[in-house]
Amino acid sequence: MGYQDDAAAKSDVDRRSFLGSLGWLGVSISGLIAVVGNLLYLKPTVSYGPASRIVAGKPADFTVGAREVFENAQFALVREQDGFAAISLVCTHLRCTVRTSEAGFECPCHGSQYDRNGSITGGPAPEPLDWYKVGITPNGELEIDKTVKVSQGTYFNI
Amino acid sequence: MDLKISAVKTYLNDVFRSIFRYGKMPRDAEGQSFAVFNNLFLHIHPVKVTRHSLKPTYTFGLGLISAVLFLVLIFTGVWLMFYYIPTVDEAYNRMLDLRSSTNFGFVLRNVHKWAAEAMVVFVILHMARVFFTGAYKPPREFNWVVGVFLLLLTFGLSFTGYLLPWDQLAFWAITVGTSIAGYVPVMGEDIRSFLLGGDIVGQEALIRFYVLHVVILPGLMLVLLGVHFWRIRKDGGLAHPSENEDASAGGGE
Numbered sequence: 034m035g036y037q038d039d040a041a042a043k044s045d046v047d048r049r050s051f052l053g054s055l056g057w058l059g060v061s062i063s064g065l066i067a068v069v070g071n072l073l074y075l076k077p078t079v080s081y082g083p084a085s086r087i088v089a090g091k092p093a094d095f096t097v098g099a100r101e102v103f104e105n106a107q108f109a110l111v112r113e114q115d116g117f118a119a120i121s122l123v124c125t126h127l128r129c130t131v132r133t134s135e136a137g138f139e140c141p142c143h144g145s146q147y148d149r150n151g152s153i154t155g156g157p158a159p160e161p162l163d164w165y166k167v168g169i170t171p172n173g174e175l176e177i178d179k180t181v182k183v184s185q186g187t188y189f190n191i
Numbered sequence: 560m561d562l563k564i565s566a567v568k569t570y571l572n573d574v575f576r577s578i579f580r581y582g583k584m585p586r587d588a589e590g591q592s593f594a595v596f597n598n599l600f601l602h603i604h605p606v607k608v609t610r611h612s613l614k615p616t617y618t619f620g621l622g623l624i625s626a627v628l629f630l631v632l633i634f635t636g637v638w639l640m641f642y643y644i645p646t647v648d649e650a651y652n653r654m655l656d657l658r659s660s661t662n663f664g665f666v667l668r669n670v671h672k673w674a675a676e677a678m679v680v681f682v683i684l685h686m687a688r689v690f691f692t693g694a695y696k697p698p699r700e701f702n703w704v705v706g707v708f709l710l711l712l713t714f715g716l717s718f719t720g721y722l723l724p725w726d727q728l729a730f731w732a733i734t735v736g737t738s739i740a741g742y743v744p745v746m747g748e749d750i751r752s753f754l755l756g757g758d759i760v761g762q763e764a765l766i767r768f769y770v771l772h773v774v775i776l777p778g779l780m781l782v783l784l785g786v787h788f789w790r791i792r793k794d795g796g797l798a799h800p801s802e803n804e805d806a807s808a809g810g811g812e
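Going down the list, the sequences are from chains C and V. Counting from 1 along the first sequence, just add 33 to a position and that's the residue number in our numbering. Counting from 1 along the second sequence, just add 559 to a position and that's the residue number in our numbering.
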């Protein structure tokens with residue numbers, strides 16, 4: 034260790050710039066924490082929207098082959114030989130509300146078409162319509178749970 | 560008596576001088592330059608300009624028109640805020656009330672709407688002018704980037720304002736628009752739920768769009784506009800064809 038090496042080491046990181054860097058590190062970390070905290074604040078922990086579980090009525094109210102549209106809850110309750118199914122009326126393209134047609138469902142916004150099971154038959158839709166879980170309440174009414182999706186062709190039998 | 564009058568006169572003159580250091584607009588060029596330079600509202604003007612900038616057809620004043628439209632939008636927007644309530648129960652009715660049961664409400668609303676549409680048009684035209692005159696080239700390349708962000712903010716303000724009338728057009732436009740945002744790779748659904756505050760266009764979405772539209776986006780816009788105007792001057796004023804010849808002279812004043 035010569036005299037010159039000491040001088041080089043000194044000019045490289047002196048006390049002032051070391052403390053300065055330490056200060057910036059602290060500011061950066063607290064800034065990062067603040068950003069994350071604010072983003073978390075903006076992410077709601079409860080959902081204020083409409084109810085995701087809908088009581089649809091007694092099973093006997095629907096005949097086999099019926100297709101009842103629940104406009105506000107945005108699904109169609111279908112009764113087939115196999116049982117009940119709830120098919121979403123939200124287009125998988127850009128979330129417009131599809132309307133029922135003879136062939137199945139069609140979207141008024143960009144012309145997506147689905148068959149009666151919600152499979153795509155035309156238009157820009159990337160995925161088939163969702164099927165929601167159908168269950169029954171203790172007092173014997175059908176209950177649709179929109180938070181639970183089931184695979185196409187899953188019918189609920191009483 | 561005369562003494563009192565002259566004392567008042569001296570006092571008033573002192574007040575005037577405390578506000579306008581250079582008194583009335585001086586007649587000589589140097590004095591005028593100082594007067595402009597030292598006035599907050601006038602100092603946005605350069606003390607000297609190139610012959611090119613004086614030709615109206617060189618810029619068509621497109622940037623200035625965009626900025627004035629923004630001021631019109633702030634003015635009309637703030638006045639609309641006195642009656643508008645951003646709730647799903649009230650928003651649509653308040654919009655109708657502005658049209659029918661508020662004195663001059665229809666004027667403010669329509670001016671706000673048309674100024675907003677015009678601003679989008681003029682900002683795009685301004686961008687085209689900057690491109691065609693080569694004003695995006697160094698030393699103005701950073702100001703071009705600031706301008707791109709200003710364009711995005713204009714689109715953002717346009718989009719967030721579109722939901723506020725809460726009619727069918729607004730509802731479905733935002734349903735579709737935010738669904739498009741959902742297609743962004745990896746973080747698409749996060750962007751969508753950040754904008755909507757939920758999974759559907761409802762009360763949460765309305766209040767979020769309102770806050771973005773009246774506070775956050777205009778605030779960012781004002782800051783960036785300040786930087787944008789300041790940089791025009793610091794980058795050597797308007798771009799002009801002779802610049803390439805005396806490039807060594809550099810920018811700034």
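Don't be surprised by glycine CBs; every beta carbon is placed ideally from N, CA and C. It should be emphasised that the depicted structure is a prediction, and the values quoted were computed from it without experimental measurement.
Review point. Which of helix, strand or coil does DSSP assign to alanine 675/V?
Key: Counting from 1 along the second sequence, the entry for residue 675/V is found at position 116. DSSP, reduced to helix, strand and coil, places alanine 675/V within a helical segment of the structure shown.
Practice item. Could you spell out the range, first to last residue, of the beta strand (DSSP E) harbouring glycine 137/C? Key: In the first sequence, residue 137/C corresponds to position 104, counting from 1. Element bounds for glycine 137/C: 137–139.
**Study point:** Contact set between histidine 731/V and chain C, taken where Cβ atoms lie within less than 8 angstroms
**Key:** Along the second sequence, read from residue 1 onward, the residue named residue 731/V stands at position 172. Correcting the residue identity first, residue 731/V is tryptophan in this sequence and not histidine. Correct list: Cys129 and Cys142.
Review point. In the structure shown, what three-state DSSP assignment does serine 738/V receive?
Key: The sequence position of residue 738/V within the second sequence is 179, counting from 1. Three-state DSSP puts serine 738/V in a helix.
**Study point:** Assigned secondary structure, tryptophan 57/C (DSSP; H/G/I helix, E/B strand, else coil)
**Key:** Position 24 of the first sequence, counting from 1, holds the residue named residue 57/C. Of the three classes helix, strand and coil, the one that applies to tryptophan 57/C here is helix, per DSSP.
Point to revise | Cβ-based neighbour list, alanine 806/V, same chain, cut-off 7 angstroms, excluding 5 preceding and 5 following | key: The residue given as residue 806/V occupies position 247 in the second sequence. For alanine 806/V, the predicted model reports a pLDDT of 49, less than 50, meaning its position is unreliable and no value from the coordinates is stated.
Point to revise | CA nearest to the CA of serine 80/C, picked from Arg767/V, Gly778/V, Phe575/V and Gly756/V | key: Stepping through the first sequence from its first residue, residue 80/C is reached at position 47. Among Arg767/V, Gly778/V, Phe575/V and Gly756/V, the Cα nearest to that of serine 80/C is on Gly756/V.
Review point. Could you give the distance in angstroms between the alpha-carbon of methionine 746/V and the alpha-carbon of methionine 584/V?
Key: Indexing the second sequence from 1 puts residue 746/V at position 187. Indexing the second sequence from 1 puts residue 584/V at position 25. If you take the alpha carbons of methionine 746/V and methionine 584/V, they lie about 57 angstroms apart.
Practice item. Assign arginine 580/V to one of three DSSP states: helix, strand, or coil. Key: For this step, residue 580/V is matched to residue 21 along the second sequence. Three-state DSSP puts arginine 580/V in coil, outside helix and strand.
Point to revise | Unbroken beta strand (DSSP E) run spanning leucine 110/C, endpoints | key: What you label residue 110/C is simply residue 77 of the first sequence in a count that begins at 1. Leucine 110/C -> beta strand (DSSP E) spans 108–113.
Point to revise | serine 717/V to threonine 130/C span [Cα, whole Å] | key: In the second sequence, the residue the question calls residue 717/V occupies position 158. In the first sequence, the residue the question calls residue 130/C occupies position 97. Each residue's Cα considered, the two are about 24 angstroms apart.
Point to revise | Delimiting residues of the alpha helix (DSSP H) encompassing alanine 650/V | key: The sequence position of residue 650/V within the second sequence is 91, counting from 1. Counting along the chain, the alpha helix (DSSP H) containing alanine 650/V begins and ends at 650–659.
Check your understanding: Just reading off the beta strand (DSSP E) that glutamate 101/C is part of, what are its end residues?
Key -> On the first sequence, position 68 is the one that residue 101/C refers to. Glutamate 101/C -> beta strand (DSSP E) spans 100–103.
Practice item. Check whether the Cβ atoms of glycine 796/V and threonine 609/V lie closer than 9 angstroms to each other. Key: The residue labelled residue 796/V in the question sits at position 237 within the second sequence. The residue labelled residue 609/V in the question sits at position 50 within the second sequence. A contact, by the Cβ cut-off of 9 angstroms.
Review point. Are at least three pairs of beta-carbons, each pair with one atom in the segment 623–643 of chain V and one in the segment 678–687 of chain V, less than 8 angstroms apart?
Key: Between the segment 623–643 of chain V and the segment 678–687 of chain V, the count of C-beta pairs closer than 8 angstroms reaches three or more; the two stretches touch.
Exercise for review: Run the CB neighbour count on threonine 180/C, radius 10 Å, all protein chains shown included, and call it buried at 16 or more, exposed below.
Suggested key: The residue given as residue 180/C occupies position 147 in the first sequence. Its Cβ having fewer than 16 others within 10 Å, threonine 180/C is exposed.
Practice item. Evaluate contact between the segment 721–730 of chain V and the segment 756–774 of chain V, counting only Cβ atoms and requiring at least three cross-stretch pairs below 8 angstroms. Key: yes
Review point. Run through DSSP, which three-state label would arginine 668/V get?
Key: One-based indexing of the second sequence puts residue 668/V at position 109. Helix at arginine 668/V.
**Study point:** Length of the line joining the Cα atoms of glutamate 176/C and glycine 90/C
**Key:** Within the first sequence, the letter at position 143 stands for residue 176/C. Within the first sequence, the letter at position 57 stands for residue 90/C. Using only the alpha carbons, I get a separation of about 8 angstroms.
Practice item. Give the residues of chain C in contact with phenylalanine 753/V, contact being defined as C-beta atoms less than 7 angstroms apart. Key: Numbered from 1 along the second sequence, position 194 holds the residue referred to as residue 753/V. In chain order: Leu75.
Exercise for review: Leaving aside the five residues before and after proline 141/C along the sequence, list all residues of the same chain whose C-beta is less than 7 angstroms from its C-beta, in chain order.
Suggested key: As a working note, residue 141/C is residue 108 in the first sequence. Taken in chain order, the residues that qualify are Cys129 and Arg132.
Check your understanding: So who's on the other strand from leucine 175/C, going by DSSP bridges?
Key -> Here residue 175/C is taken as the residue at index 142 of the first sequence, counted from 1. DSSP output for leucine 175/C lists Gly90/C and Ile169/C as bridge partner(s).
Check your understanding: Who does isoleucine 153/C pair with in a DSSP beta bridge?
Key -> On the first sequence, position 120 is the one that residue 153/C refers to. According to DSSP, which records beta bridges pairwise, isoleucine 153/C is partnered with Tyr147/C.
Exercise for review: Starting from the Cα of glutamate 763/V, find the closest Cα among Trp789/V, Val782/V, Ile733/V and Asn669/V and give me that residue.
Suggested key: Stepping through the second sequence from its first residue, residue 763/V is reached at position 204. Checked all of Trp789/V, Val782/V, Ile733/V and Asn669/V; the closest Cα to glutamate 763/V is Ile733/V.
Practice item. Give the interface partners of glutamate 763/V over in chain C, defined as CB-CB distance under 8 angstroms, in chain order. Key: Here residue 763/V refers to the residue found at position 204 of the second sequence. Result: Pro77, Tyr81 and Gly82.
**Study point:** 8 angstroms Cβ shell around valine 97/C - same chain, five flanking residues per side excluded
**Key:** Working through the first sequence from its first residue, we reach residue 97/C at position 64. Contacts found: Arg112, Glu113 and Gln114.
Practice item. Could you tell me which chain C residues have their CB closer than 8 angstroms to the CB of valine 735/V, listed as they occur along the chain? Key: Along the second sequence, one-based indexing puts residue 735/V at 176. Going along chain C in sequence order, the residues near valine 735/V (Cβ under 8 angstroms) are Leu127, Arg128, Cys129 and Cys142.
**Study point:** Residue from Asp794/V, Gly715/V, His772/V and Ile683/V with nearest C-alpha to proline 697/V
**Key:** Here residue 697/V refers to the residue found at position 138 when the second sequence is read from its first residue. Of Asp794/V, Gly715/V, His772/V and Ile683/V, the residue nearest in Cα terms is Asp794/V.
Exercise for review: Mind checking which residues open and close the alpha helix (DSSP H) that includes alanine 764/V?
Suggested key: Here residue 764/V is taken as the residue at index 205 of the second sequence, counted from 1. Note, alanine 764/V: alpha helix (DSSP H), 762–770.
Review point. Tell me which same chain residues have a C-beta within less than 8 angstroms of the C-beta of glycine 778/V, skipping the five on either side of it?
Key: Locating residue 778/V in the second sequence gives position 219, where the first residue counts as 1. Taken in chain order, the list of residues that qualify is empty.
Point to revise | Min CB distance glycine 747/V to chain C below 9 angstroms | key: As a first step, residue 747/V must be located in the second sequence, where it is residue number 188. Chain C, which has no Cβ nearer than 9 angstroms to the Cβ of glycine 747/V, makes this no.
Check your understanding: Taking Cβ positions only, does isoleucine 644/V come closer than 9 angstroms to chain C?
Key -> In the second sequence, the residue the question calls residue 644/V occupies position 85. It does not; no Cβ of chain C falls within 9 angstroms.
Exercise for review: For asparagine 190/C, count neighbouring Cβ atoms within 10 angstroms of its own Cβ and tell me buried if that reaches 16, exposed if not.
Suggested key: Here the question's residue 190/C lines up with position 157 in the first sequence. Exposed, by the Cβ-count rule.
Check your understanding: glycine 116/C lies in the beta strand (DSSP E); which residues open and close that run?
Key -> The residue labelled residue 116/C in the question sits at position 83 within the first sequence. 116–121 is the extent of the beta strand (DSSP E) around glycine 116/C.
Exercise for review: Would you identify the three-state DSSP class for alanine 808/V, choosing helix, strand or coil?
Suggested key: Your numbering for residue 808/V matches position 249 in the second sequence. At alanine 808/V the pLDDT is 47, less than 50, meaning the model places this residue with poor confidence; the figure from the coordinates comes in the next sentence. DSSP places alanine 808/V in helix when its eight states are reduced to three.
Review point. Just the Cα atoms here: how many angstroms apart are valine 631/V and arginine 751/V?
Key: The residue you call residue 631/V lines up with position 72 of the second sequence. The residue you call residue 751/V lines up with position 192 of the second sequence. Between valine 631/V and arginine 751/V, the C-alpha separation is close to 30 angstroms.
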